[in-house]
């Protein structure tokens, strides 16, 4: 069983983050949530389920537990709502009376919830080490340097940043400050259409784009941080070519691009990817078709372009779920997304005769998402029930202001 994908397979050089995920280095700051103050229950404790129920009942309406689709079943059992990252953040905002928002997901999701919830609410992440490798591939310093490169090339004023929801609060704030918007995998097409309709950018970085602009053929998009979602949306849904897209590598001078390449491009894609969806290959698709005659291949748009092109259906996590709900009994499906969700869907639809399998032969959980387990959830709920707030996620006021501006632009998309 292969637990990780090598850097060579994804055509990247090992970074400190990659080495950390491979267990070859340590980062005390990112791992500060691994060892909890007080007593973290043992995973073997037979009373964990009962303890979680008791603590949650004691807290009552004061706590609202969010569970991302990629979470373990043992955690999902205690979630008040489940969904993708943005749906959960909105669900949290819709519960203003809940004093504590326990977000069973990863760090950027908890940040988004803190941005959208009220000052009277506290967002808790059960394990502070639950991060997102994709979000970590774009730092505020790197993106600021990229904008300087675009400015030097004379294209910054014509460039609209569009950032995926799977990004840090700092990147969302950069996007808001420079007149851009956030997108999800469900509305990426609408976000890009909006961006290309903005026309030339205003000279002032903080100025919003003109709502009445008819757009300009010179308008460009800087898409952060997932190159695959940006490329797949531009080519599959907006009719662009692969040549319209260039890849900005933050680890190379000027992003590894010439001034001419930047000026000619329509889509400037950040060199980031999802470590789970990036592992699916064209060979995975070919292999599953040989093994399961008549199988339908359904993948997430964070997959590589050649995988998406070879699939039968492509869509967000919510789209994947709805497609399987509507699928006829007896149909066969190979799903290219996180394994916890695929396994849960396979169990859910087994009685309907729907055969659902994982696209790849090797097991692939989201390693950071899986840091949230039942012991951490029990520790979190019991701490809150006993009056101790732990692992609170707080976004500073300035960052929150610009990040919310970008999120509000997304919410106003037609």
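Numbering (the numbering used here), first residue to last: 1161 to 1574. Built from N, CA and C at the ideal position, the CB exists for glycine as well. As the structure is a computational prediction, the values presented were derived from the model and not from experiment.
Membership of residue 1521 in any beta strand (DSSP E) is not indicated, and neither H nor E is assigned to it by DSSP. The DSSP-derived three-state label of residue 1530 is helix. In the DSSP assignment, residue 1500 falls within the unbroken alpha helix (DSSP H) covering 1499-1508. For the pair residue 1219 and residue 1244, the Cα-to-Cα distance works out to about 25 angstroms.
The beta carbons of residue 1248 and residue 1226 sit closer together than 8 angstroms. Taking 8 angstroms as the cut-off, the beta carbon of residue 1567 is found closer than this to the beta carbon of residue 1332. Shown here, residue 1260 sits in a strand according to DSSP, grouped into three states. DSSP places residue 1573 outside both helix and strand once states are collapsed to three, so it counts as coil.
Taking every protein chain shown into account, the CB of residue 1522 has fewer than 16 other CB atoms within 10 angstroms, so this residue is exposed. Checking the DSSP bridge columns, you'll see residue 1494 partnered with 1457 and 1517. Counting other Cβ atoms within 10 Å of its Cβ, residue 1420 stays below 16 and is therefore classed as exposed. DSSP places residue 1228 in the uninterrupted beta strand (DSSP E) bounded by 1223-1228.
Less than 8 angstroms divides the Cβ of residue 1389 from the Cβ of residue 1462.
For residue 1323, there is no enclosing alpha helix (DSSP H); the enclosing beta strand (DSSP E) covers residues 1319-1324. For residue 1383, the enclosing beta strand (DSSP E) starts and ends at 1380-1384.
In the DSSP assignment, residue 1427 is bridged to 1381 and 1405. Per DSSP, the beta-bridge partners of residue 1552 are 1284. Excluding sequence positions up to five before and after residue 1251, its CB lies within less than 6 angstroms of the CB of 1241, all in the same chain and listed in chain order. With respect to the 8 angstroms criterion, residue 1273 and residue 1283 are classified as neighbours on the basis of their beta carbons. Residue 1342 has 1323 as its beta-bridge partners, per DSSP. Between residue 1341 and residue 1569, the CB-CB gap stays under 8 angstroms. Following the DSSP letters along the chain, one finds residue 1315 in no alpha helix (DSSP H), marked with neither H nor E. Here residue 1572 is exposed. Its C-beta has fewer than 16 other C-beta atoms within 10 Å. The beta carbon of residue 1422 sits closer than 6 angstroms to the beta carbons of 1313 and 1315 from its chain, once the five residues preceding and following it are set aside; these are given in chain order.
Going by beta carbons, residue 1432 and residue 1464 fall outside the 8 angstroms limit.
In the three-state reduction of the DSSP assignment, residue 1243 falls in the strand class. Residue 1484 holds the alpha-carbon nearest to the alpha-carbon of residue 1505 among 1484, 1492, 1490 and 1525. By a beta-carbon distance limit of 8 angstroms, residue 1275 contacts residue 1560. Their separation comes to about 5 angstroms.
The three-state secondary structure of residue 1474, taken from DSSP, is strand. Proximity of the segment 1534-1551 to the segment 1258-1265 meets the contact definition, three or more beta-carbon pairs being nearer than 8 angstroms. Pairing residue 1445 with residue 1392 gives a Cβ-Cβ distance that is not under 8 angstroms.
Here residue 1199 has no same chain residue with a Cβ atom under 6 angstroms from its own Cβ, once five neighbours each way along the sequence are excluded. Per DSSP, reduced to three states, the secondary structure at residue 1389 is helical. DSSP places residue 1267 inside the alpha helix (DSSP H), whose first and last residues are 1267-1276.
For the set 1253, 1258 and 1257, the Cα lying nearest the Cα of residue 1271 is the one of 1253. The criterion of a C-beta distance shorter than 8 angstroms is satisfied by residue 1288 and residue 1551.
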